[in-house]
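Chemist: The numbering used here numbers the first residue of the sequence shown as 381 and each following residue consecutively.
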Amino acid sequence: MQAFDFVSARSVDEVVAALAAGGERARPLSGGTDLLAQMKEGRRSYATVVDLKRIPALMEVRIGDNGLWLGASVPCHTVNNNADIQKMYPALHDSTGLIGGTQVQGRASLGGNLCNASPAADGIPNLIVHSAVAHIAGPNGERQVAVEDFCTAPGRTVLQNGEVLVALEFPAPVKNFGAAYLRFIPRNEMDIAVVGVGASVVLSSDGQTIESARISLGAVAPTPLYVKAAGDALAGQPVSEETFEKAAQIAWEAAKPISDMRGTIAQRKHLAGVLTKRALRIAIDRARGTKTVDSLGRLNGNG
Ligand SMILES: Cc1cc2nc3c(=O)[nH]c(=O)nc-3n(C[C@H](O)[C@H](O)[C@H](O)COP(=O)(O)OP(=O)(O)OC[C@H]3O[C@@H](n4cnc5c(N)ncnc54)[C@H](O)[C@@H]3O)c2cc1C
């Protein structure tokens, strides 16, 4: 491991000052489960690492009438064990529960997952379908960016020199809301997603019509994708296999993957469609508060 200066910041202002002073050679540290591995392997090199975990604003979890305020460095473990978050934002737990194992989840954060900006990050599609907004602080003050606009390229984000992600804010869920995240990996755990899909829906009061929906895809483009067209196609449609099929077709078209050691273009596009249908079925099941899907996300065992 290379030598670096370690700054244990106690306030957002201290982080911003340390990052601005260090420029490109300074980097924030949340759980370190990406950053320290990258530095240890020599893939990244920084002169200064600024620890965020002692800053109250970045470790805060606040649930109220306006929704959820999740500090950027809150570990996945805390999200996993918060019953309110699980109930109100059901898909978040789908990803925080599968990022690494128990030890990694004790350190890894959703903020770090987002700022690392991997196209295959398991946390990001869920932030998108839950309409999360990134709260950013920097030398020029504070600003907000919708999570779907946060990642700009593999490993790159909208964050400018001196800026830090302070928190993720989620709107309060409306009635009959459900969400889910699914990924495909060649083994059962501890692997990078070949494709990941997040889906959220708001159903009519009788649970038979989709009033609105959001779909997001991971690992099929240089950044996680918000597929607005798929959500638009679902709005106003009955809950049916035909409706799911339309959304799956749009997801298939939106997916622009590469072929690599984990999967081919054809396989990834196919998976984007299949997982869209399955994630939708689970999201609908959760919105209805029923258990009509099987372990593959098949509605009443069909499809
Ligand atoms: C064994 C293992 C298994 C893993 N499995 C998965 C998996 O299944 N799915 C998955 O998606 N990932 C996985 N990961 C990767 C990693 O755990 C996640 O991406 C995690 O969410 C990163 O969070 P962190 O808090 O550790 O980030 P860090 O490593 O602290 O930071 C990641 C990047 O974001 C920057 N950063 C962090 N916080 C901020 C902030 N507040 N403001 C600005 N920049 C910031 C850092 O400078 C760094 O560049 C795994 C890692 C390990 C070691």
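C-beta atoms are modelled at their ideal positions from N, C-alpha and C, and glycine is treated no differently. Values in this document were obtained by computation on a predicted structure and should not be read as measured data.
1) On a Cα-Cα basis, can you pick out the residue from Asp464, Thr458, Ser639 and Ala646 that is closest to Glu633?
2) Of all the options Thr589, Val546 and Cys456, which has the alpha carbon lying nearest to the alpha carbon of Gln617?
3) Where DSSP assigns a beta bridge to Gly576, which residues make up the other side?
4) Between Leu545, Ser592, Cys531 and Leu597, which lies nearest to Tyr561 when the distance is taken from Cα to Cα?
5) Would you mind stating whether Thr428 and Ala406 have Cβ atoms separated by less than 8 angstroms?
6) Just reading off the beta strand (DSSP E) that Thr428 is part of, what are its end residues?
7) Leaving aside the five residues before and after Ala398 along the sequence, list all residues of the same chain whose C-beta is less than 8 angstroms from its C-beta, in chain order.
8) Nearest to Asp665 by CA position, among Ala471, Asn520, Ser475 and Thr644, is which residue?
9) Less than 8 angstroms between CB atoms is the rule here; does Arg563 satisfy it with respect to chain C?
10) Around the C-beta of Met641, are 16 or more other C-beta atoms found within 10 angstroms, so that it is buried, or is it exposed?
11) Return the Cβ separation of Val577 and Ile565 in integer angstroms, given the expectation that the two are a contact with Cβ distance under 8 angstroms.
12) Can you find a heavy atom of ligand 1 that lies under 7 angstroms from the Cβ of Ala560?
13) Once the 5 residues before and after Asn460 are set aside, which same chain residues still bring their CB inside 7 angstroms of it?
14) In chain order, which continuous runs of the alpha helix (DSSP H) of length 4 or greater are located wholly inside the segment 462-528?
15) Return yes when the C-beta of Asp414 is under 7 angstroms from any heavy atom of ligand 1, and no when it is not.
16) Tell me, please, which residues DSSP counts as bridged to Glu549.
17) By Cβ distance below 6 angstroms, which residues in the same chain neighbour Ala383 in space, the five residues on each side in sequence not counted?
18) Taking 7 angstroms as the cut-off, is the C-beta of Pro408 nearer than that to any heavy atom in ligand 1?
19) Just to confirm my understanding: we take Asp571, look at its own chain, exclude 5 residues before and 5 after, and list those with CB closer than 8 angstroms. What are they?
20) Spell out a yes or no on whether the segment 450-459 and the segment 480-495 are touching, meaning 3 or more CB-CB pairs, one atom from each, closer than 8 angstroms.
Modeler: In short:
1) Ala646
2) Thr589
3) Note: Gly576 sits in a beta bridge opposite Arg563 and Gly598.
4) Leu597
5) yes
6) Thr428 to Asp431
7) Val387, Ala389, Ala406, Thr428 and Val430
8) Ala471
9) Among the protein chains of the structure shown there is no chain C, as only one such chain exists.
10) Looking at its Cβ environment, which holds fewer than 16 other Cβ atoms inside 10 Å, Met641 is exposed.
11) The pair is not a contact, with the Cβ atoms about 13 angstroms apart (cut-off 8 angstroms).
12) no
13) His473, Thr476, Gly477 and Gln485
14) 463-468, 470-476, 482-485, 490-496 and 504-509
15) yes
16) DSSP, once it has assigned bridges, lists Trp449 and Val513 as partnering Glu549.
17) none
18) yes
19) Ile565
20) yes
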